[in-house]
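Worksheet for the structure shown next.
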Amino acid sequence: METSRPVVVKRMPTRVDQKAAREFLREVQPFLKSDRPQLVFDLSQVKQLDSTGVDVLLHCMTEAVRRDGDLKLAALSPESAIILEITRTARLFEIYETSTDAARSFTSFLPNFVRNQITRRPASDEEHIAA
Amino acid sequence: MDVKVILLTGNPGDSKCEGFGEVPFTLLDALGRPVLHHVVERLRRAGFQSGDISVLSNLRPAAAAYSQRVVERLGLSWTNYSGASLVRAAEGKFAEYAHAGAEVILVIQAGAYAEIDYEGLIQFHLESQNRVTCVSDDDGLVGTFAISSSRRNDAAYLFRHNLQSCRTTSVPYLTRGYVNRLQNAADFRKLVVDAFAEENSIRPVGREIRPGVWAGAGARIEREARIVAPAFIGAEAKVCKSAVITRGSSVERCAFVDCGTVVENATVLPSSYIGAGLDVTHAVVGFRRIAHIDRKIEIEVRDRRLLAPAPKTAAWRISAMTAAAMEFLRLGFKPERRPAPVAAPDLPPQIATDPEPAEVSLNNELQQIAVNGQPIEYPNNVAVMRRYGNQ
Chain A
1 METSRPVVVK RMPTRVDQKA AREFLREVQP FLKSDRPQLV FDLSQVKQLD STGVDVLLHC
61 MTEAVRRDGD LKLAALSPES AIILEITRTA RLFEIYETST DAARSFTSFL PNFVRNQITR
121 RPASDEEHIA A
Chain B
1 MDVKVILLTG NPGDSKCEGF GEVPFTLLDA LGRPVLHHVV ERLRRAGFQS GDISVLSNLR
61 PAAAAYSQRV VERLGLSWTN YSGASLVRAA EGKFAEYAHA GAEVILVIQA GAYAEIDYEG
121 LIQFHLESQN RVTCVSDDDG LVGTFAISSS RRNDAAYLFR HNLQSCRTTS VPYLTRGYVN
181 RLQNAADFRK LVVDAFAEEN SIRPVGREIR PGVWAGAGAR IEREARIVAP AFIGAEAKVC
241 KSAVITRGSS VERCAFVDCG TVVENATVLP SSYIGAGLDV THAVVGFRRI AHIDRKIEIE
301 VRDRRLLAPA PKTAAWRISA MTAAAMEFLR LGFKPERRPA PVAAPDLPPQ IATDPEPAEV
361 SLNNELQQIA VNGQPIEYPN NVAVMRRYGN Q
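These protein sequence lines are chains A and B, in that order. Mind the numbering: the first sequence is residues 1 to 131 in this note's numbering, read in order. Mind the numbering: the second sequence is residues 1 to 391 in this note's numbering, read in order.
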């Protein structure tokens, strides 16, 4: 089952400090205000992320979830991964290796873990489910 | 016998050395003292005086200031050749010592921590009549050499090959002592963990306040903080409430771990502030940098809410106490301001509250209600609500 709503992939800037974070938030605000927004933030370019940047990520996720949407992170650079880890925020987001994986995850109805379980089952089970 | 020591803190090859934020790992504190301190202590136990030891480095200015303080605290002479090759400097110092009459010169590349029997090494060097005696263990060269002062060409060859190969073959001196090459943050953490396990001769500087938990002089651990052995809290360090220090972590002197932060299998370097509510695991942290052991990366953090230099102890304490006293006086003499009442948010009429709620009677008169023919007594300010069906 696929959704027809668009998935917006946004690449975060190299340096996400207070000023850049505010600018970034201004850019994504229209997407956040749409109905059931589906957002993917690509953090592959991020070399410097501070607590303001983390606040912006959390704010965006809150806004997206409030409108019955979701925000997923993709391609975390090592720098951003460490900051998200030490600020205990990494566990709040769904994180994917690439933006494509993250965008694709929106299009499937079943959550990842359910899909994984289905694909791991023997063929007879799959047929049963398909039936 | 006149024996001199040249300690090289830096990379003989170029001006960039392996370390944390360009400070060599040997100059960083491990359980209360710099690693170099333990090397120098071992040399002193072998009979060397401070005047016999020269420390040469080629650190950049930012790291040089810190290194200078560390070395000078050990009472050693320190010369920095910022941005220059350490090879030429070492050659010059070698020639100087040889000219002054030294017979054997020990060259120690202090990039590694090795517990070597220096007396045994010199004895071996003399007995084996090597020009240059290399110290090695099962994994190769350790970075310590005994060189006869008359063999200036052999010394020059060794220096020019970045202490990696000798001009002539010689019998190596095999050490069975503890060796840690300190090539990265993981090695540095291993040194600390090994010290907790007493696998090397480094011991925490402080008092063992609980089995496996050491605290230096003036360390402040708030009552609600949790320290799980083995752990080390350095002198004048502070661990605030709800913080957790666990799994062989060390919080070095004058460091500050703020409320609710978890430090797990990590080293917090001297005079570093770790912000509140963080999760610092498998890392070496300080100087506004984090070296993550698992990810094998070192990053700079400029956010003062996460990492910052710790407040200066004495001045900071006085200012903090003054601020606290002023706050106390202000609240003592002025009536406390109550916050302005917050306007109720606009609610739909179905759930909007009554603007003037009826006063609830607080007297304890009992009302008698019959249930299944048996009277039950409820106070009149208790409301009974029916949830679903028969509940």
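Beta carbons are placed, not taken as given, at the ideal position from N, Cα and C, and that holds for glycine. As the structure is a prediction and not an experimental result, all values here were calculated from the model.
Could you check the C-alpha separation between A:Thr89 and B:Glu96 for me, to the nearest Å?
57 Å
Helix, strand or coil: which one does DSSP assign to A:Gly53?
helix
Buried or exposed by the 16-neighbour rule on C-beta atoms within 10 Å, applied to B:Gly51:
exposed
If we ignore side chains and look at the alpha-carbon of each, how far apart do A:Ala20 and B:Arg302 end up?
A straight line joining the alpha-carbon of A:Ala20 with that of B:Arg302 spans about 14 Å.
Using a Cβ cut-off of 7 Å, pull out every chain A residue sitting near B:Ile116, in sequence order please.
Taking the beta carbon of B:Ile116 as reference, no residue of chain A falls within 7 Å; the closest one sits roughly 36 Å away.
Beta-carbon of B:Asp52 versus every beta-carbon of chain A: anything under 8 Å?
no
What three-state label does DSSP hand B:His282 in the structure shown?
strand
Going along chain B in order, which residues have a C-beta closer than 7 Å to the C-beta of A:Glu132?
Limits of chain A in this structure are 1 at one end and 131 at the other, which puts residue 132 of chain A out of reach.
Mind checking if B:Ile245 is an interface residue toward chain A, Cβ cutoff 8 Å exclusive?
No, because no Cβ of chain A sits closer than 8 Å to the Cβ of B:Ile245.
Candidates B:Cys134, B:Glu224, B:Glu198, B:Tyr178: which alpha carbon is nearest B:Thr168's?
B:Cys134
Rounded to the nearest angstrom, what separates B:Lys296 and B:Thr267 at their Cα positions?
15 Å
Contact list for A:Asp50 against chain B, beta-carbon separation under 8 Å:
Val301, Arg302, Asp303, Arg305, Leu306, listed in chain order.
Contacting residues, own chain, Cβ-Cβ under 6 Å from B:Thr79 (five flanking each side not counted):
Once the five neighbours on either side are set aside, the close Cβ partners of B:Thr79 are Leu56.
Under 7 Å by beta carbon: chain A residues contacting B:His292:
Ile82
Could you pull the DSSP bridge partners for B:His292 from this structure?
B:Ala283, B:Ile297
Where does A:Phe19 sit, in a helix, a strand or coil, going by DSSP?
Reading off the sequence shown, one finds Lys at residue 19 of chain A, where the question assumed Phe. In this structure, A:Lys19 counts as helix in the three-state DSSP scheme.
Using a Cβ-Cβ cut-off of 6 Å (strictly less than) and excluding sequence neighbours within five positions of B:Ile209, which residues of its own chain qualify?
Ala215
Could you confirm whether any beta carbon from chain A is found closer than 8 Å to the beta carbon of B:Ile105?
no
Tell me which residue opens and which closes the alpha helix (DSSP H) that B:Pro61 is part of.
61 to 73
In chain A, what lies closer than 8 Å to B:Ile297 by C-beta?
Pro78, Glu79, Ile82
Report yes or no: is there a C-beta of chain B within less than 8 Å of the C-beta of A:Phe22?
The sequence given here places Arg at residue 22 of chain A; Phe does not occur at that position. No, A:Arg22 does not count as interfacial toward chain B.
Chain B beta carbons: is any one of them nearer than 8 Å to that of A:Arg136?
For chain A, the structure presents residues 1 to 131; residue 136 of chain A sits outside this window and is missing.
Is B:Arg210 helix, strand or coil by DSSP?
Here DSSP, grouped into helix, strand and coil, assigns B:Arg210 to strand.
Please list the terminal residues of the continuous alpha helix (DSSP H) segment that includes B:Asn162.
Boundaries cannot be given for B:Asn162, as no alpha helix (DSSP H) includes it and DSSP labels it neither H nor E.
Can you give me the Cβ contacts of B:Ala89 inside the same chain, cut-off strictly under 6 Å, excluding the 5 residues immediately before and after it?
Leu56, Tyr81
Ignore the nearest five residues each way along the sequence and tell me which others in B:Lys4's own chain have a CB closer than 6 Å to its CB.
Asp52, Tyr97, Ala102, Ile105
Could you give the residue range of the alpha helix (DSSP H) that holds B:Ala266?
Unbroken run through B:Ala266 is the beta strand (DSSP E), 262 to 268; no alpha helix (DSSP H).
Same chain, Cβ closer than 8 Å to A:Gln48, neighbours up to 5 away in sequence not counted
Thr14, Arg15, Val16, Asp17, Glu79
Can you give the Cα-Cα distance for B:Ala156 and B:Arg220, rounded to whole angstroms?
51 Å
Please give the ranges of any beta strand (DSSP E) in the segment 24 to 74 of chain A, keeping only runs that are unbroken, at least 3 residues long and fully inside the region.
38 to 42, 70 to 74
Give a yes or no on contact between the segment 272 to 284 of chain B and the segment 64 to 78 of chain B, applying the rule of three or more CB pairs nearer than 8 Å.
no
Integer Cβ distance of B:Arg181 from B:Val284, believed to fall under 8 Å
B:Arg181 to B:Val284, Cβ: 16 Å. No contact.
Run of the beta strand (DSSP E) containing B:Ser250, from where it starts to where it stops
249 to 251
Own chain residues within Cβ distance below 6 Å of B:Asp137, not counting five before or after:
Thr175, Val179
Reducing DSSP to helix, strand and coil, say where B:Leu31 ends up.
In the three-state reduction of the DSSP assignment, B:Leu31 falls in the coil class.
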